[in-house]
Structure formats: C-alpha cells, structure tokens
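Below is one structure, written out as structure tokens; the observations come after it.
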Amino acid sequence: MKAILAAALAVAAMAQTAQAQDVAAGEQSFKKCMACHRIGEGAKNLVGPELNGLDGRKSGSVAGYNYSDANKNSGITWNEATFKDYIKDPRAKIPGTKMIFPGIKNEKEVGDLWAYLKSFGADGKKK
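Heads up, this note's numbering is the position in the sequence shown plus 766, with the first residue counted as 1.
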C-alpha cells in the first residue's frame, strides 16, 4: 500500500512539474502569435483580438474587435478541445475567418500553448 501511495505522489509531482514546463514552453510558442495578438495586463486588440480569458469565452466576443461574420457566427466557446482543433488549421475550423495563420500541427506545442493561454484571466492577470 505504501508503494502505491508513493507512486501516486510521484506521478502527481511529475504532473505539476510538467504543467509548469508546459506553460513556459507555451509562452515561447506564443511568440508565433505576437504579430497579431496580445495577452496579459494591458493587452490590446491588434490585427487579431487580445486573448485574455480565452478559456470559456465565446468566439467573436471581444469588445472593440472587428471579427469576420464567420467567426462571430461560429458558435464556438473556447476550451481546450476547440482551441486544439482550431489552432491546427484555423481556416478549416472556421471557414471565412480573417485569421491568416498556417496553424501549429505539433500536439505537444499546441498543448503547451493552451496551457499558457488559459493561465490568464479575463483581466489579463495570471490565475
């Protein structure tokens, strides 16, 4: 029983370490997004909308950003699954989107990027 408990604790500790590494790797991956997007305190809309509070946000809902009709009418509520599907090929997920980005195909990188994005609340502060 002690061995099982020790193994479970070791797995939990590794998961916490991996999560922290994922956020750091996601921050590096976000550099690909910075030509069009911002995140964090004071983030503003650029060519693309600011990405604070993305987890749980409805697509096409950032105030002051001029979304395509395709994006506004997509019916998407952003979460891990929708983001991972979208970021691999944005134009396939939302035909007619204004987002011109070839996508990120690497599963680990996509997961890292999501971990980074979801670490910001709607106010731009780290959760």
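Just so it is clear, CB atoms sit at the ideal spot from N, CA and C, and this is done for glycine as well. Bear in mind that the values here come from a model prediction, so they are computed numbers and not experimental data.
Three-state secondary structure assigned by DSSP to residue i
i	result
leucine 810	In the sequence under discussion, the amino acid at residue 810 is lysine, which differs from the leucine named in the question. Here lysine 810 sits in coil by DSSP.
alanine 773	Unreliable placement is indicated for alanine 773, whose pLDDT of 44 sits below 50; the coordinate value is still reported in the next sentence. Alanine 773 falls in the helix class under three-state DSSP.
Residue i vs residue j beta-carbon contact at 8 Å
i	j	result
aspartate 855	serine 795	no
glycine 887	asparagine 845	no
serine 825	isoleucine 805	no
threonine 863	asparagine 839	no
glycine 890	alanine 809	yes
cysteine 876	isoleucine 853	In the sequence as presented, cysteine is not what sits at residue 876; that position holds valine. The answer is yes: Cβ separation under 8 Å.
From the options, residue whose alpha carbon lies closest to that of residue i
i	options	result
tyrosine 882	Leu820, Thr863 and Gly814	Leu820
alanine 801	Met865, Lys859 and Ala791	Met865
arginine 857	Ser834, Asn872, Ala847 and Glu875	Ser834
glutamate 791	Ala809, Ala847 and Ser885	Here the sequence assigns alanine to residue 791, which means glutamate is not the residue at that position. Out of Ala809, Ala847 and Ser885, Ser885 has the C-alpha closest to the C-alpha of alanine 791.
phenylalanine 867	Glu807, Arg823 and Cys799	Cys799
threonine 848	Asp788, Glu793 and Trp880	Trp880
As an exercise, report each continuous alpha helix (DSSP H) stretch of at least 4 residues that is fully enclosed by the stretch 850 to 892, in chain order. With a minimum length of 4 residues, the continuous alpha helix (DSSP H) runs that stay inside the stretch 850 to 892 are 856 to 859 and 873 to 883.
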